[in-house]
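Numbering (the working numbering), first residue to last: 693 to 796.
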């Protein structure tokens, strides 16, 4: 499994490029901490260029989760958050690091 962060999810959403192609061609390979999906949702006003309705955005997010990138629950990586936070200056990267530590 390959763990992706919020930036990869955002790239998947916004551009029809290599990131989207790789993820779509390998739907059973990618996972992301639930935190990354939450972060993406929190900042939807910044990336929602087409001004889609929230219901449409929710549907898109659910499609990504069910078809392409497996969301991983907080419970799986929460025990590693403190340790992961010490390894990075960016608190938003801690769940990705924690998931990597917890998924070994």
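Idealized CB from N, CA, C, for every residue including glycine.
Please report how far the alpha carbon of residue 780 lies from the alpha carbon of residue 788, in whole angstroms.
Here residue 780 refers to the residue found at position 88 when the chain shown is read from its first residue. Here residue 788 refers to the residue found at position 96 when the chain shown is read from its first residue. Cα to Cα, the separation comes out at about 11 Å.
Strictly by DSSP, which residues pair up with residue 722?
Counting from one through the chain shown, the residue named residue 722 turns up at place 30. In the DSSP output, where bridge partners are listed per residue, residue 722 has 694, 761.
Just to confirm my understanding: we take residue 719, look at its own chain, exclude 5 residues before and 5 after, and list those with CB closer than 8 Å. What are they?
Counting from 1 along the chain shown, the entry for residue 719 is found at position 27. The residues are 759, 760.
Alpha carbon to alpha carbon, how far is residue 703 from residue 736?
For the purposes of this step, residue 703 is identified with residue 11 of the chain shown, where counting begins at 1. For the purposes of this step, residue 736 is identified with residue 44 of the chain shown, where counting begins at 1. Approximately 13 Å between the Cα atoms of the pair.
Could you work out which residue in 755, 765, 791 is closest to residue 775 when comparing CA atoms only?
Taking the chain shown and counting its residues from 1, one reaches residue 775 at position 83. Ranking the options by Cα distance to residue 775, first place goes to 791.
May I have the straight-line CA-CA distance separating residue 695 from residue 764, to the nearest angstrom?
Walking along the chain shown from the start, residue 695 turns up at place 3. Walking along the chain shown from the start, residue 764 turns up at place 72. So the two alpha carbons sit approximately 10 Å from each other.
On the DSSP letters alone, give me the boundaries of the alpha helix (DSSP H) that residue 755 sits inside.
Working through the chain shown from its first residue, we reach residue 755 at position 63. Per DSSP, residue 755 belongs to the alpha helix (DSSP H) from 746-755.
Are residue 726 and residue 766 touching if we call contact CB-CB under 7 Å?
The residue you call residue 726 lines up with position 34 of the chain shown. The residue you call residue 766 lines up with position 74 of the chain shown. Yes, the Cβ-Cβ distance between residue 726 and residue 766 is below 7 Å.
How would you call residue 782, buried or exposed, if buried means at least 16 neighbouring beta carbons within 10 angstroms?
For the purposes of this step, residue 782 is identified with residue 90 of the chain shown, where counting begins at 1. It is exposed - the Cβ of residue 782 has fewer than 16 other Cβ atoms within 10 Å.
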